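Heads up: the sequence shown runs through residues 1 to 344, numbered per full-length UniProt numbering. Ideal placement from N, C-alpha and C gives every residue a C-beta, glycine not left out. None of these values were measured; they are calculated from a predicted model. The structure appears right after this line, and notes come after that.
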Amino acid sequence: MADSPAPYLRIAAAIRQRIVSGELAAGARVPSTRQIVREHGVAMATAAKALGVLRDQGWVRTVPGGGTIVLERLHREDGAAGAGPVPPDKVEPGSTRDTVIRAAILLADRDGLTSLTMRRLAAHLNVAPMALYRYIPDKDELLRQMADVAFGEEELPDPGPSGWRAKLELSARLQWRAYRRHPWLPTIMHNSLVRPPAVPSGIRMVDWELNALEGLGLNRHDMLHTVLALDGYVGGIAASNALEVQAEHDTGITGRERIAADRPLHAKLFGSGRFRALSASVPPGATTLTDLDELFEFGLRHQLDGIAVMLSRAPCPSGAIPDAGDTGGGGLARQGDASRGRSP
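Written as structure tokens, this is what we have:
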């Protein structure tokens with residue numbers, strides 16, 4: 001006797017049948033992971049996997065904070081055409097690489113990077129999957145080009161603001177804005193700090209940042225480490241958000257819902273008296289430790305302050321004069337108190 005399908009496949013098939021029959025129309029919410037757990041007596045991971053199958057096949061998509069909803073038939077991988085209207089965010093079929101890349105970015109922004117497949121992208125563009133390979137050789141190259149376009153949406157000014165601090169602050173903010181617009185982006189740009197991906201817009205950013213540190217007394221090794229540490233900070237904070245957003249796409253459970261589910265455990269841990277410092281730092285009933293943008297601003301300010309201290313201790317280049325645009329007290333502005341990077 002043939003083995004029966006895995007539980008998550010049976011659950012996915014049951015929900016799919018409700019969609020095909022019309023019981024769940026386009027835009028309708030499908031059962032959440034919690035509902036599936038209650039109705040089928042399975043683990044949360046099994047429920048999430050069932051919804052993941054439906055997402056991968058193009059039947060549903062997850063709306064953070066709004067559950068998982070049924071898609072128009074035009075999006076499904078089986079290629080079935082629907083009589084309903086084309087979704088407003090649909091990219092029209094085209095014959096350029098740019099069309100394909102921007103459609104992929106749209107899907108990744110909406111549904112998360114793990115849901116992006118060549119088949120789903122082809123269905124979104126209403127073309128055969130093999131047609132995509134005329135422009136993109138494989139999934140890895142697609143991700144590289146998506147990252148290049150998304151990361152380079154805002155042009156770097158030439159020459160940019162005056163002073164190393166203003167330049168590095170601008171570069172950090174440009175990166176942060178790109179990561180906030182495209183939560184999946186740091187998972188590509190920062191899959192390795194020491195062996196970063198060959199993304200042209202990322203390479204331009206690093207080169208621009210290195211130029212901001214020219215002539216300030218740092219050797220090439222320290223200049224590169226300064227830039228990588230700053231960019232790693234920005235990407236690391238953004239990666240935390242990327243993981244949370246992807247988890248919402250994959251499970252349909254928002255961060256607030258997860259915190260609410262963990263509240264009894266938090267109350268037990270904080271009420272034990274073992275974590276007095278943390279308990280005193282977090283308001284009772286808080287759903288977050290802090291605001292992500294506030295944390296970014298705090299860390300960026302002190303990253304730049306630290307670079308200013310390092311520059312104040314660097315060997316002063318011969319004939320250097322103070323940099324009028326340097327608000328951080330860098331290596332060119334030290335006549336007197338070198339340890340603090342300012343004049344007496």
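- Query: DSSP three-state call for residue 12: helix, strand or coil?
  - Reply: Here the question's residue 12 lines up with position 12 in the sequence shown. Three-state result, residue 12: helix.
- Query: Are residue 112 and residue 208 touching if we call contact CB-CB under 8 Å?
  - Reply: One-based indexing of the sequence shown puts residue 112 at position 112. One-based indexing of the sequence shown puts residue 208 at position 208. Not closer than 8 Å, so no.
- Message: Quick check: residue 238 and residue 186, are their CB atoms within less than 8 Å of each other?
- Response: For the purposes of this step, residue 238 is taken as the residue at position 238 of the sequence shown. For the purposes of this step, residue 186 is taken as the residue at position 186 of the sequence shown. Contact flag set, yes.
- Query: Nearest chain D C-beta to residue 149 closer than 8 Å, yes or no?
  - Reply: The structure shown contains no chain D; it holds only a single protein chain.
- Message: Using 8 Å as the threshold, is the C-beta distance between residue 236 and residue 189 below it?
- Response: Position 236 of the sequence shown, counted from the start, is the residue given in the question as residue 236. Position 189 of the sequence shown, counted from the start, is the residue given in the question as residue 189. Against a cut-off of 8 Å, the Cβ pair of residue 189 and residue 236 comes out as no contact.
- Message: Within the continuous alpha helix (DSSP H) that includes residue 68, where are the two ends?
- Response: Within the sequence shown, residue 68 is the residue found at index 68, counting from 1. Counting along the chain, residue 68 falls outside any alpha helix (DSSP H), though it belongs to the beta strand (DSSP E) covering 67-70.
- Spell out a yes or no on whether the region 165-177 and the region 125-133 are touching, meaning 3 or more CB-CB pairs, one atom from each, closer than 8 Å. no
- Query: With DSSP run on the structure shown, which of helix, strand or coil describes residue 61?
  - Reply: In the sequence shown, counting from the first residue as 1, residue 61 sits at position 61. Residue 61 falls in the strand class under three-state DSSP.
- Query: For the 8 Å Cβ check, are there 3 or more pairs between the region 282-292 and the region 144-152?
  - Reply: Touching, no, given that fewer than three Cβ pairs across the two stretches are closer than 8 Å.
- Message: With a threshold of 8 Å, are at least 3 pairs of Cβ atoms found where one atom belongs to the region 243-251 and the other to the region 259-267?
- Response: no
- Item | Alpha-carbon spacing of residue 118 relative to residue 124, whole angstroms | Here the question's residue 118 lines up with position 118 in the sequence shown. Here the question's residue 124 lines up with position 124 in the sequence shown. Computed Cα separation, rounded: 10 Å.
- Nearest CA to the CA of residue 180: which residue from 120, 121 and 241? Translated into positions along the sequence shown, residue 180 becomes position 180. Closest option to residue 180, Cα to Cα, is 241.
- Query: What number of angstroms, rounded off, separates the C-alpha of residue 212 from the C-alpha of residue 220?
  - Reply: For the purposes of this step, residue 212 is taken as residue 212 along the sequence shown, with counting starting at 1. For the purposes of this step, residue 220 is taken as residue 220 along the sequence shown, with counting starting at 1. Computed Cα separation, rounded: 12 Å.
- Between the Cα of residue 67 and the Cα atoms of 29, 39, 53 and 15, which residue gives the shortest distance? Numbered from 1 along the sequence shown, position 67 holds the residue referred to as residue 67. Of 29, 39, 53 and 15, the residue nearest in Cα terms is 29.
- Query: Quick one, which of 230, 279 and 281 has its alpha-carbon nearest residue 300's?
  - Reply: Mapped onto the sequence shown, residue 300 falls at position 300. When only C-alpha atoms are compared, the closest one is 230.
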